[in-house]
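A short worksheet on the structure shown next.
Residue numbers (the numbering used here): 272 to 388.
Written out as structure tokens, the structure reads:
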């Protein structure tokens with residue numbers, strides 16, 4: 272006789288139950304909703320995330336909530352709204368490297384703070 276299987280799908284099981292902390296980040300996609308995933312960090316934190324491609328071709332990952340704060344149905348509804356917005360270009364991908372606005376210090380030109388006028 273085969274072993275009984277869980278009635279919950281892997282996505283729902285990951286979102287609703289405590290699983291052992293993975294060694295690396297775990298990504299479980301929802302088969303019912305395009306672009307919706309649950310991210311599980313090595314420390315055990317879980318987040319609902321939407322994944323889609325922007326018109327520029329870059330992949331965009333946006334957090335839409337935490338499993339304790341919103342239900343799976345609410346996450347699916349937010350994903351149905353967010354994925355088309357990302358594909359339309361309304362949500363832009365973050366730059367890979369943030370620009371540095373702080374001038375570099377050097378011995379020749381020490382940093383001086385000026386009063387605001």
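Where a beta carbon is used, it is the ideal one built from N, C-alpha and C, also for glycine.
No experiment lies behind these values; they were computed from the predicted model shown.
Indicate the three-state DSSP secondary structure (helix, strand or coil) for residue 317 in the structure shown. Strand.
Quick check on the burial criterion: 16 or more other C-beta atoms within 10 angstroms. Buried or exposed for residue 306? Result: buried.
Which value, in whole angstroms, describes the spacing of the CA atoms of residue 334 and residue 308? Here the alpha carbon of residue 334 sits roughly 10 Å from the alpha carbon of residue 308.
What is the DSSP secondary structure of residue 303, reduced to helix, strand or coil? Judged by DSSP in its simplified three-state form, residue 303 adopts coil rather than helix or strand.
Should residue 326 and residue 292 be called a contact, given that it needs their Cβ atoms to be closer than 7 Å? Remark: C-beta atoms of residue 326 and residue 292 do not approach each other more closely than 7 Å.
Start and end residues, beta strand (DSSP E) containing residue 331: Segment 330–336, the beta strand (DSSP E) holding residue 331.
Just to confirm the assignment, what range does the alpha helix (DSSP H) spanning residue 348 have? For residue 348, the enclosing alpha helix (DSSP H) has its first and last residue at 343–359.
Leaving aside the five residues before and after residue 362 along the sequence, list all residues of the same chain whose C-beta is less than 8 Å from its C-beta, in chain order. If we look at residue 362 and ignore the five residues flanking it on each side, its Cβ neighbours are 325, 331, 333, 353, 356.
May I have the straight-line CA-CA distance separating residue 339 from residue 295, to the nearest angstrom? Each residue's alpha carbon lies about 22 Å from the other.
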